[in-house]
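Novice: Have a look at this one before I ask anything.
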């Protein structure tokens, strides 16, 4: 019997590619000018096949890249026999926020807890409370546990991601990062993150 294969919802592949571009940026240490296109196309095809059981043609992925370029989210630059992908500065924060969320989701799924706690806290001036509120909303979205109003906890190492957040999120310069071996109310926090 032939296995039924899934299909993408409208626009879903568009965001999948945006996510992978951002992840490549993060893994590259902040480089936005790298020969990524051929590798990304194959990575996207493989990922979709494994995770969604959807077979997608290379030309569809390339067409999506062209849409991203047309909307000025990326530039595709040809140099000799290579095609480089450059993230447009105005869109970089959008792409990276989307990709960072994927990294945090992956860490929670892996559940590789080393017994330490990773704390993020911030002291944003009252006059910039809109930035403070945005930070709270963003950390909640990433899956942090709210320990106090401006103190959030995560069970997995995330210093690299927090340093990146500092550069792309409103009010990020007020963020501080701490590693703790033990904190009060661990039982409640462990329950929140489904840790034994």
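Numbering (the numbering used here), first residue to last: 15 to 210.
Here a beta-carbon is modelled for each residue, glycine too, at the ideal position from N, C-alpha and C.
With DSSP as the reference, please indicate the residues paired to residue 200 in a beta bridge.
Specialist: Against the chain shown, residue 200 aligns to sequence position 186. Partner(s): none; residue 200 has no beta bridge.
Novice: My assumption, with CB atoms under 8 Å, is that residue 111 sits in contact with residue 170. Please give the rounded CB distance.
Specialist: Mapped onto the chain shown, residue 111 falls at position 97. Mapped onto the chain shown, residue 170 falls at position 156. Between residue 170 and residue 111 the Cβ distance is about 19 Å, and since that is not below 8 Å, they are no contact.
Novice: Note down the Cα distance separating residue 209 from residue 146, rounded to an integer number of angstroms.
Specialist: Walking along the chain shown from the start, residue 209 turns up at place 195. Walking along the chain shown from the start, residue 146 turns up at place 132. Rounded to whole angstroms, residue 209 to residue 146 spans 29 Å at the Cα level.
Novice: Quick one: is the Cβ of residue 93 within less than 7 Å of any heavy atom of the ligand NAP?
Specialist: Looking at this structure, you won't find the ligand NAP or any other ligand, since it has none at all.
Novice: Taking the straight line between their C-alpha atoms, what separation do you get for residue 16 and residue 63?
Specialist: Counting from 1 along the chain shown, the entry for residue 16 is found at position 2. Counting from 1 along the chain shown, the entry for residue 63 is found at position 49. Note that residue 16 scores 43 on pLDDT, short of 50, meaning its location in the model is unreliable and no value can be drawn from it.
Novice: Who are the Cβ neighbours of residue 82 in its own chain at under 6 Å, not counting the five residues just before and after it?
Specialist: As a working note, residue 82 is residue 68 in the chain shown. Excluding positions up to five away in sequence, the list reads 88.
Novice: State the CB to CB distance for the pair residue 68 and residue 143, rounded to an integer number of angstroms; the pair is presumed to be in contact (CB under 8 Å).
Specialist: As a working mapping, residue 68 is identified with position 54 in the chain shown. As a working mapping, residue 143 is identified with position 129 in the chain shown. Their Cβ separation, rounded to whole angstroms, is 44 Å, which puts residue 68 and residue 143 out of contact at 8 Å.
Novice: Exposed or buried, what is residue 29 when buried is set at 16 or more other beta-carbons lying within 10 Å of its beta-carbon?
Specialist: Position 15 of the chain shown, counted from the start, is the residue given in the question as residue 29. With fewer than 16 Cβ atoms within 10 Å of its Cβ, residue 29 is classed as exposed.
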